[in-house]
Ligand code: SAM
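Numbering (the numbering used here), first residue to last: 125 to 420.
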């Protein structure tokens, strides 16, 4: 079960969608001064080099962050602007690359770095990582940050341990759940973890990432999450981005996020960004997005 290393997928189209949503969730929740606890249940290594190691081998960033950067540069030349959401996202990525010549992107921050950099003094970050090597890299990377003192890192199975952190002391919490789904059981574990989490902390903001695969469990995931949100009468938002439709290819072509208790601003924010992302990252005529929400 330990063959998955997120570096292979760093800066991919799926990372862009996930991190764009994540940044907006944090920015919205930080509009109030109260302390915010952010939990990243599947942290990975925290930050990745795109020019060597696994990321350079897979080169998924070429269909992701590199493609988006190129698109942004062309739009700028044409005098067109991107959405505020895409600008905020690109600012976060550029901030990790300020030392690189010509504004080139060599480093891609994963969710732990994005969350750590956005933390205010009153906020807390809780990171889970189970991979025996990845956890050491994550600890080393987080130790370089001034926000390390506000961060707890757990070498533990987050599906069983998440409930122990809920509700957070301030009752203001954001939970990112981003499994690799390498183990088919992850779909089942996710459902149980979400049932327990909602039972303890139904008002938290939960963002669940999922790959869109032909696998039955993957296709059923949004409906399972709708059922959990519905049983607590909580609002939800579902966003999906497909960059191509080549059924014979095995690479990941689409992904989604299911958000329970989304900020009221998220739908508008995504309605502005998704057409641009679809244009920037779309590889064939099958590129499309979906945006659905439910209010109670
Ligand atoms: N959230 C990261 C980001 O956006 O940069 C990427 C995380 S990656 C998709 C999933 C990570 O979860 C992998 O590093 C994997 O080792 C780890 N993992 C898998 N099962 C886990 C579990 N039950 N508890 C905690 N971590 C787990």
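For glycine and all other residues, C-beta sits at the position ideal for the given N, C-alpha and C.
In this text the structure is predicted, and so the values were computed from the model without any measurement.
Short of 7 Å from the beta carbon of residue 260, and not among the five residues preceding or following it, lies no beta carbon of its own chain. Distance from the CA of residue 420 to the CA of residue 227, rounded to the nearest whole angstrom, comes to 45 Å. Excluding residues up to 5 positions away in sequence, 135, 140, 217, 229, 232 lie with their Cβ nearer than 7 Å to the Cβ of residue 189 in the same chain.
Excluding its 5 nearest sequence neighbours in each direction, residue 406 has C-beta neighbours in its own chain below 6 Å: 367, listed in chain order. Assigned with DSSP and collapsed to three states, residue 162 falls in strand.
Looking at the backbone, the Cα of residue 273 and that of residue 241 are separated by about 13 Å.
In terms of Cα proximity to residue 414, the closest of 143, 391, 350 is 391. Boundaries for residue 357: no beta strand (DSSP E) harbours it, and the DSSP string shows neither H nor E there. When the five nearest sequence neighbours on each side are left out, the beta carbons in the same chain lying within less than 6 Å of the beta carbon of residue 362 are those of 346, 382, 416, in order along the chain. Considered as a whole, the segment 341–400 harbours 360–366, 378–384 as its complete beta strand (DSSP E) runs of no fewer than 3 residues, in chain order. Counting every other CB atom within 10 Å of its CB across the protein chains shown gives residue 268 a total below 16, marking it as exposed. Fully enclosed alpha helix (DSSP H) runs of no fewer than 4 residues occupy 177–182, 189–201, 208–219 of the segment 168–241, in order along the chain.
Remark: the C-beta of residue 371 is outside contact range of ligand 1, defined as less than 7 Å to any heavy atom. DSSP places residue 330 in the uninterrupted beta strand (DSSP E) bounded by 329–335. When distances are taken from the beta-carbon of residue 315 to the heavy atoms of ligand 1, even the shortest one reaches 7 Å or more. Ranking 243, 168, 215, 404 by CA distance to the CA of residue 186 puts 404 first. Secondary structure remark: continuous alpha helix (DSSP H) runs of at least 4 residues inside the segment 269–329, in chain order: 282–285, 310–324. Inclusion of residue 282 in the 7 Å shell around ligand 1 follows from its C-beta lying nearer than that to a non-hydrogen atom of the ligand. In this structure, the straight-line span from the alpha carbon of residue 162 to that of residue 252 is close to 11 Å. Counting of Cβ neighbours within 10 angstroms places residue 388 among the exposed residues, the total staying below 16. By the criterion of a C-beta distance shorter than 7 Å, residue 308 is surrounded in its chain by 341, once the five residues flanking it on both sides are discounted. For the 8 Å CB-CB criterion, residue 349 and residue 333 do not form a contact.
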